[in-house]
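Chains as they are written, first to last, in this note's numbering: chain A, 1 to 295; chain B, 296 to 560.
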């Protein structure tokens, strides 16, 4: 049984939680310093006028006054982003796999995809507003199109790079051609797909908010644009914060999910080391010493 | 009368007749195999030795169905080979254990993907896990295993699929001597007990003599069969066989053939 550096691993597990907490503390300190600088510049020595950047107190006061409206807008944007991301990404993977599988489908779709891909999705917003109006459907269409493009290319490139020995092995174990795509190609490219999903969700956010800027009845982008027209800087700042928070929460969730799904890869901490080391690691994890070693 | 017919079918369980394989490359056609004929009896092990690049792997790819011959015929159990199939399990030189599946799921892959009802093979999984000594690692991912353990997963996966034929392409090439010896012993026992037909490619002469009922010595490309040697030692065999003078004599004989050919090349 290979059991080389067990002692080192064990020490690591014990030390990890402290090391992790320490670095988390440093990051927390950065946030506090930023808040202090904000306060100092706007309220303390007042070198920045409230019109350019509001004071922390007035932001909090505005948020408290209109938080119900803000949540409604935040929720509208979040739904658009998540829905369009799901639709676009899943279609992207399916179409990508079909393109790898069939020469005909590849020949039909490549000119469309290659022609559309270099166009920045934001440039299509005016056209989409003419087609769909300023409701949900246009924004969802555009964001999902962007996610689709990312995932199609991602799927085709990574599927072509799957180690042929896995495909041969599957074939000699009795897998049919379609089965090979579902049981070998798809799982093998999951790590690449997940990075595509993460790029996709950031893109979906950017495009949804941009589309809301240009015409909407609801959404954080709409809220920010309205506030900026009336020079209501507090609401602009709150809107920006909300986007940041929503995006990073989604990103975190996706990260946690993909950590679990890709636990078989070498990069994953969840299953690092040999079986014996692994059991130690799980035990350490059970005792609360688990830490995000890898970001 | 019928009995004789059956026996001759078993004699030619795997048979290649006048097989030639030519690859077309941008710089012209390369003939890798020319006019190769060979037979493997049912339940017997044929080891193929030869210098690297002499077309050993091509023979295996032809029998497994990954390649089609340019001319000649390849038959398994009387039927011509048309493509890869679960009746011929392949253990590749490179690591082909699916890294996204646990050890147990890797073993389950073959029967599952063929749609065989679980109750028909559920017991087999643990049986073969035990045979290769991986029962404690059943729920681990391949990346948590050493090279030798992964190779054992590979072999157990091939076995779980209950093939008639095992095709192995230098499966122990990357292992250290100690592990290799254990694996050879395991393979001997497994293939002997289940009476599997086995084609085993190696460049290790000792390994070939130890595992094979016959050893095929091949020469450089375009490959020809230089000599087919029958290995007389009865099975089951034990590692101590390697120390006996008859064994060493046979090893030296094959070594001499290969060296002589290398000088001419």
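Glycine residues also receive a C-beta, built at the ideal position from the N, C-alpha and C atoms.
- In the structure shown, the three-state DSSP call for residue 383/B is strand.
- In the DSSP assignment, residue 256/A falls within the alpha helix (DSSP H) that extends over 233 to 261.
- With contact defined as three or more Cβ pairs closer than 8 Å, the region 348 to 361 of chain B and the region 380 to 393 of chain B are in contact.
- Taking residue 254/A as the centre and dropping the five residues before and after it, the same chain places the C-beta of 194, 197, 198, 201 closer than 8 Å to its C-beta, in chain order.
- Annotation: the continuous alpha helix (DSSP H) that includes residue 501/B extends over 500 to 506.
- Residue 440/B and residue 74/A have their alpha carbons spaced roughly 47 Å apart.
- By the Cβ neighbour-count rule, residue 99/A is buried, with 16 or more other Cβ atoms within 10 Å of its own.
- The straight-line gap separating the alpha-carbon atoms of residue 476/B and residue 424/B is approximately 19 Å.
- Where residue 143/A is concerned, the enclosing alpha helix (DSSP H) starts and stops at 136 to 160.
- Between the alpha carbons of residue 177/A and residue 452/B lies a distance of about 20 Å.
- Against chain A, the CB of residue 337/B has no partner CB under 9 Å away; the residue lies outside that interface.
- At a cut-off of 9 Å between C-beta atoms, residue 176/A counts as an interface residue with respect to chain B.
- Between the region 61 to 70 of chain A and the region 104 to 124 of chain A there are fewer than three C-beta pairs closer than 8 Å, too few to call the two in contact.
- In this structure the region 179 to 188 of chain A does not lie against the region 412 to 430 of chain B, because fewer than three pairs of beta carbons, one per stretch, are closer than 8 Å.
- Linking residue 528/B to residue 508/B through their CA atoms gives a straight-line distance of about 8 Å.
- Of all residues in the region 385 to 417 of chain B, those with a C-beta nearer than 7 Å to a C-beta of chain A are 385, 387, 389, 391, 393, 394, 395, 404, 405, 408, 409, reading in chain order.
- Counting C-beta pairs closer than 8 Å gives fewer than three between the region 141 to 148 of chain A and the region 333 to 351 of chain B, which falls short of the contact rule.
- Between residue 239/A and residue 221/A, the gap from beta carbon to beta carbon is short of 9 Å.
- Flagged as an interface residue toward chain B: residue 173/A, by a C-beta distance shorter than 9 Å.
- Residue state for residue 512/B is assigned as strand, using DSSP reduced to three classes.
- Below the 9 Å Cβ cutoff, chain A contributes no neighbours of residue 423/B, its closest Cβ being approximately 14 Å away.
- Closest in alpha carbon position to residue 397/B, among 481/B, 412/B, 437/B, is 437/B.
- The beta carbon of residue 316/B is closer than 6 Å to those of 327, 328, 353, 364, 365 in its chain, skipping five residues each way along the sequence.
- Here residue 435/B is buried. Its C-beta has 16 or more other C-beta atoms within 10 Å.
- In this structure, 203/A is the residue among 263/A, 203/A, 108/A, 226/A with its C-alpha nearest to the C-alpha of residue 247/A.
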